[in-house]
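Student:
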Amino acid sequence: MSSESPQDPTPRPVLSPKAQAALAEVRRKRGRRKSAAPREVPSGQRVRWGMLLMMTIVMAAGVGYLRLKANENLARVQAENERIAAMERAYGTVTQAPESFSGASEPAHPDSPSASDPSAAPMRVIPRPPPGWRSELALEPNCRLRSAEEDPIERAPMYKWRDASGSLQFGRSPPAGVNAQRVAVSDGNRAQFKLTVGAGDGSPVPSQLRDRATADIYRIVAILRQELGVPVASDFTLNLSFVSRLDDVGKGLGLSGAAGVYMPLEQRMEIWRQPDDEGTFATLRHESVHALLHEFVGAPPIWLNEGLAEYLENLRVSGSSGTVGVNRDHRQLLQTMLRVARVDAAMAMLDANANQFRQPDRRDLNYALAWSLVHYLMSTESGQGVFGELLAEIREAGCRRFSSKAFFDRKFTGGARDFVTRAVAATADKGHYY
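Positions 713 to 1146 (the working numbering) are the ones given, in order, by the sequence shown.
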């Protein structure tokens, strides 16, 4: 057997040296083109890859930012919890006020030995070192109110009409048969209670500070008198003193850290002048309401006392008019709750005493609910009328037990729950003008 491989029957062409050189040159050029011109990527695909890369970078940056903010918020919450715990330890005796300080639970009868005279009433201490901190000692119920003679100008309405000659006439008793229209009476010439403004260290008070304080307090008095019928006596004098250092507020009484102090014996209110004037005047308006309600209403329920103070705290005076804005913090808190939960919480708050109202887990909610009830009542003339009747009955009751639920049960067809349901369902998004 032969070991030779079979011959290829197809003969291969024999190229001349010149042809072989030409073929080699062609192959060399073809290889150069392949290496110099790689396959081109379509433009649409390049755009998609670029967008994907950009989205990846943006998402990575967003995740990093969110992680950074989460760490900051966690640190802030931890610091706030530590601050609140420290405040509760420092002010524990204030937040746990004795039952005798409640204006709505079991007040003493006016004829009982424990009933207090206004001149013997204890001071009101408002410890608010940081903004938003709400711990207050309520004034002892005022069982013997100041007498306030009813000024006819406060009650008798004023009318305008045109006589037979066409001349415009004004008076309180229009003649029969004329088209008389009731008009608002400016309080500029009315007998007003007296207000003194000074500084705790005896230094002169800047005129801008004095004028703004005077305008705010006089407007609050006008609202209480005209819209709510509170008989603020024209012979009452409120002595206001601004204190430059927080530690000096109530210092002579052994107090410290109080942003506002009202002392009925001296009819004097000390207000800490904060670095932020808005905070100073918010405290001033809030505490002025408490002082005036104490002097001329007596023992208002805690929800009414705080609700009206929170409401008028947002007063802004311009010229001879005033605007009460919306408390957005309270509104935002209430909007996070279901309506039925708001109603149930408000019903429980109506007859709560001071301790129950200021329970740590309910305090902020109760302040917001109290504000919302007052804002609802002050939104219409009929609501203001109901509010005025409520204040009059509280004043008449003195230090006898008073039930807000029972009052609203009488005033509303559906009872107190009907009133509360309407109030918490109302959208408090507009201010009120006075």
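In this text, a Cβ means the ideal position worked out from N, Cα and C, and glycines have one as well.
It should be emphasised that the depicted structure is a prediction, and the values quoted were computed from it without experimental measurement.
Where does P729 land, buried or exposed, given buried means 16+ other C-beta within 10 angstroms?
Tutor: The residue you call residue 729 lines up with position 17 of the sequence shown. Exposed, since its Cβ has fewer than 16 Cβ neighbours within 10 Å.
Student: Count Cβ pairs between the segment 1068-1080 and the segment 908-919 that sit closer than 8 angstroms; are there 3 or more?
Tutor: Short answer: they don't touch.
Student: Rounded C-beta distance between Y1023 and H1087? I'm assuming under 8 angstroms.
Tutor: Indexing the sequence shown from 1 puts residue 1023 at position 311. Indexing the sequence shown from 1 puts residue 1087 at position 375. With 8 angstroms as the limit, Y1023 and H1087 qualify as a contact, their Cβ atoms being about 6 angstroms apart.
Student: For the beta strand (DSSP E) containing G972, list its first residue and its last residue.
Tutor: Position 260 of the sequence shown, counting from 1, holds the residue named residue 972. Residues G972 to M975.
Student: Start and end of the beta strand (DSSP E) containing L907?
Tutor: Taking the sequence shown and counting its residues from 1, one reaches residue 907 at position 195. Start and end: K906 to A911.
Student: Suppose you measure from the CA of M975 to the CA of R874; what does that come to, to the nearest Å?
Tutor: For this step, residue 975 is matched to residue 263 along the sequence shown. For this step, residue 874 is matched to residue 162 along the sequence shown. Taking the straight line joining both Cα atoms gives about 51 angstroms.
Student: Kindly indicate which three-state DSSP category E1101 falls into: helix, strand or coil?
Tutor: Locating residue 1101 in the sequence shown gives position 389, counting from the first residue. It is helical.
Student: Please report the distance separating the alpha-carbon of D823 from that of S1084.
Tutor: In the sequence shown, residue 823 corresponds to position 111, counting from 1. In the sequence shown, residue 1084 corresponds to position 372, counting from 1. Below a pLDDT of 50, predicted positions are generally treated as unreliable, and D823, at 35, falls in that range; the measurement from the model is reported next regardless. Approximately 35 angstroms between the Cα atoms of the pair.
Student: So, with DSSP's three-state summary, where would you put R1148?
Tutor: For residue 1148 there is no data in the structure shown, the boundaries of the chain being 713 and 1146.
Student: Hey, quick one: how far does the alpha helix (DSSP H) through R1113 stretch, first residue to last?
Tutor: Along the sequence shown, one-based indexing puts residue 1113 at 401. Taken as a continuous stretch (DSSP letters only), R1113 belongs to no alpha helix (DSSP H), as it is neither H nor E.
Student: Could you compute how far the alpha carbon of A1135 sits from the alpha carbon of L1089?
Tutor: Taking the sequence shown and counting its residues from 1, one reaches residue 1135 at position 423. Taking the sequence shown and counting its residues from 1, one reaches residue 1089 at position 377. Their backbone Cα atoms lie some 8 angstroms apart in a straight line.
Student: Report the option in V917, G941 and F1131 whose CA atom is closest to the CA atom of F1008.
Tutor: Residue 1008 sits at position 296 when you count from the first residue of the sequence shown. Comparing Cα-Cα distances from F1008 to each of V917, G941 and F1131, the minimum goes to G941.
Student: So for V775, helix, strand or coil by DSSP?
Tutor: Along the sequence shown, one-based indexing puts residue 775 at 63. Helix.
Student: Within the continuous beta strand (DSSP E) that includes N1078, where are the two ends?
Tutor: Along the sequence shown, read from residue 1 onward, the residue named residue 1078 stands at position 366. Taken as a continuous stretch (DSSP letters only), N1078 belongs to no beta strand (DSSP E), being part of the alpha helix (DSSP H) at R1075 to L1089.
Student: Where does the unbroken alpha helix (DSSP H) through V1132 begin, and where does it stop?
Tutor: Walking along the sequence shown from the start, residue 1132 turns up at place 420. Taken as a continuous stretch (DSSP letters only), the alpha helix (DSSP H) holding V1132 covers G1127 to A1137.
Student: Report the option in W1015, V973 and A1137 whose CA atom is closest to the CA atom of D654.
Tutor: With the chain running from 713 to 1146 in the structure shown, residue 654 is simply not present.
Student: Going by Cα to Cα distance, which pick from L1081, K963 and V1036 is closest to A994?
Tutor: Within the sequence shown, numbered from 1, the residue matching residue 994 stands at position 282. Closest by alpha carbon: V1036.
Student: Enumerate in chain order the residues of its own chain whose CB-to-CB distance from V1098 is below 8 angstroms, with the five nearest sequence positions on each side excluded.
Tutor: On the sequence shown, position 386 is the one that residue 1098 refers to. Counting only Cβ-Cβ distances below 8 angstroms, and skipping sequence neighbours, we find L1089 and K1123.
Student: Cα-Cα, which of F1131, A736 and F905 is closest to P936?
Tutor: Here residue 936 refers to the residue found at position 224 of the sequence shown. In the sequence as displayed, the identity of residue 936 is Leu instead of Pro. Nearest of F1131, A736 and F905 to L936, Cα basis: F905.
Student: Counting Cβ pairs, one atom from each stretch, are 3 or more of them under 8 angstroms apart for the segment 949-965 and the segment 980-990?
Tutor: As far as the Cβ criterion goes, the segment 949-965 touches the segment 980-990, which means the pair count is three or higher.
Student: Of the residues L907, Q979 and D989, which one's Cα is nearest the Cα of A971?
Tutor: Residue numbering aside, residue 971 sits at position 259 when the sequence shown is read from its first letter. A971 has its Cα closest to that of D989, out of L907, Q979 and D989.
Student: If you compare alpha carbons, which of E1093, W761, S919 and V1055 is closest to A1082?
Tutor: Here the question's residue 1082 lines up with position 370 in the sequence shown. Selected option, being the one with the closest Cα: V1055.
Student: Which residue wins for smallest C-alpha separation from K1117, given the options Q1047, G774, V1132 and M763?
Tutor: For the purposes of this step, residue 1117 is taken as residue 405 along the sequence shown, with counting starting at 1. Closest option to K1117, Cα to Cα, is V1132.
Student: Quick check: is any heavy atom of the ligand PLP less than 8 angstroms from the C-beta of L1020?
Tutor: Of ligands this structure carries none, so the ligand PLP is not represented either.
Student: Let me know the secondary structure DSSP gives Q1071 once reduced to three states.
Tutor: Start at 1 with the first residue of the sequence shown, and residue 1071 comes out as number 359. Coil at Q1071, not helix or strand.
Student: Can you look up F1120 in the DSSP assignment and give me helix, strand or coil?
Tutor: To locate residue 1120, count along the sequence shown from 1; it is residue 408. Three-state result, F1120: helix.
Student: Relative to the C-alpha of P674, which candidate in S1030, N1067, G991 and E1025 has its C-alpha closest?
Tutor: Residue coverage of the chain in this structure runs from 713 to 1146, which leaves residue 674 outside it and unanswerable.
Student: Kindly indicate which residue of D947, M1059 and M771 has the alpha-carbon position closest to the one of S1115.
Tutor: Numbered from its first residue, the sequence shown carries residue 1115 at position 403. Answer by Cα proximity: M1059.
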